[in-house]
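Position one of the sequence shown corresponds to residue 127 (my numbering), numbered consecutively onward.
Think of the CB as a built atom: it goes at the ideal place given N, C-alpha and C, for glycine as much as any other residue.
As the structure is a computational prediction, the values presented were derived from the model and not from experiment.
One structure below.
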Amino acid sequence: MEMLYLLIMLLMSAFALGTMAWDKRQARRGGWRVPERVLWAMAVLLGAPGEYLGMRAFRHKTRHLRFAIGLPLLSAAEILLAGYLLFVR
């Protein structure tokens, strides 16, 4: 179960990172954007570390207080849970 959690987190994080890159590109071009509720859903579904990395790497959503505070906290919680499952249990 621990490895499944880690695999899901890695896959969702990779997908969330790519989504942040795409959304930033669309923001620059004035194209269709990913709704914030979809970004939050990906983050809650174990993609927060990748989404946070995308936020920092692409400077995307950094002015939105909910993202600037919420994503680091959610990322830390997901990473701590992964550490607990892998090393403590």
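Review point. Excluding five sequence neighbours on each side, which residues of the same chain lie with their C-beta closer than 7 Å to the C-beta of ALA174?
Key: Contacts found: LEU197, LEU200, SER201 and GLU204.
Legend entry - Given ALA142 as reference, the closest of LEU165, GLN152, GLY156 and TYR131 once Cα atoms are compared: Ranking LEU165, GLN152, GLY156 and TYR131 by Cα distance to ALA142 puts LEU165 first.
On the DSSP letters alone, give me the boundaries of the alpha helix (DSSP H) that VAL170 sits inside.
Per DSSP, VAL170 belongs to no alpha helix (DSSP H) and is neither H nor E.
For ARG215 and TRP158, the rounded distance between their alpha carbons:
Inter-residue distance for TRP158 and ARG215 is about 44 Å (C-alpha atoms, whole angstroms).
**OP:** Find the nearest neighbour of MET146 within the set MET181, LEU212 and PHE193, judged by alpha-carbon distance.
**Re:** MET146 has its Cα closest to that of MET181, out of MET181, LEU212 and PHE193.
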